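J.: Numbering (the working numbering), first residue to last: 645 to 804.
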């Protein structure tokens, strides 16, 4: 693990960044091991983690899974363009997208497309149905483009 930045963001110090870097590498690390790596007492570390959660710096913990082993071997990124950018329509569309079965992540983006959806499905038919039955039926959708994902590789992250 690379040492935290010498110029931490406002409101975070080097200890906070050390804790975050360790959690980014292994969110299942024990409190004792986390405290040792951060160079602080276990009780202090637990309080720091609690404060980072309360402040919204830590927003949750996730488990990475092999989607193919779960019966969802096909992943795709679906680009979506809207007909209108009326705030109410866009906000309603957010709720629609996040409720679609198989959608892993929704990115609301700037540029030619308005959204990028990372999805995982059981097969080509389910991918087609996801697009046709959940996205293209929405009256605010002007265009979709689907790209198959061959592999997913984690990046270095912000603590590299």
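Idealized CB from N, CA, C, for every residue including glycine.
The structure displayed is predicted, hence computed values, not measured ones.
CA-CA distance, residue 675 and residue 694?
T.: For the purposes of this step, residue 675 is taken as residue 31 along the chain shown, with counting starting at 1. For the purposes of this step, residue 694 is taken as residue 50 along the chain shown, with counting starting at 1. Cα to Cα, the separation comes out at about 12 Å.
J.: Just to confirm my understanding: we take residue 725, look at its own chain, exclude 5 residues before and 5 after, and list those with CB closer than 6 Å. What are they?
T.: As a working note, residue 725 is residue 81 in the chain shown. Excluding residues within five positions, the ones whose Cβ falls inside 6 Å are 757, 758, 786 and 787.
J.: Since residue 672 is in the beta strand (DSSP E), which residue starts that stretch and which ends it?
T.: Stepping through the chain shown from its first residue, residue 672 is reached at position 28. Residue 672 -> no beta strand (DSSP E), and no H or E assigned at all.
J.: Got a sec, what are the start and stop residues for the beta strand (DSSP E) residue 760 sits in?
T.: As a first step, residue 760 is located in the chain shown; it is residue number 116 there, counting from the start. Unbroken beta strand (DSSP E) run through residue 760: 759-765.
J.: Are the segment 735-751 and the segment 760-769 touching by the rule of at least three beta carbon pairs closer than 8 Å?
T.: As far as the Cβ criterion goes, the segment 735-751 touches the segment 760-769, which means the pair count is three or higher.
J.: In angstroms with no decimal places, state the Cα-to-Cα distance between residue 801 and residue 701.
T.: One-based indexing of the chain shown puts residue 801 at position 157. One-based indexing of the chain shown puts residue 701 at position 57. Answer to the nearest angstrom: the Cα atoms are 15 Å apart.
J.: In whole angstroms, give me the CA-to-CA distance for residue 671 and residue 660.
T.: As a working mapping, residue 671 is identified with position 27 in the chain shown. As a working mapping, residue 660 is identified with position 16 in the chain shown. If you take the alpha carbons of residue 671 and residue 660, they lie about 15 Å apart.
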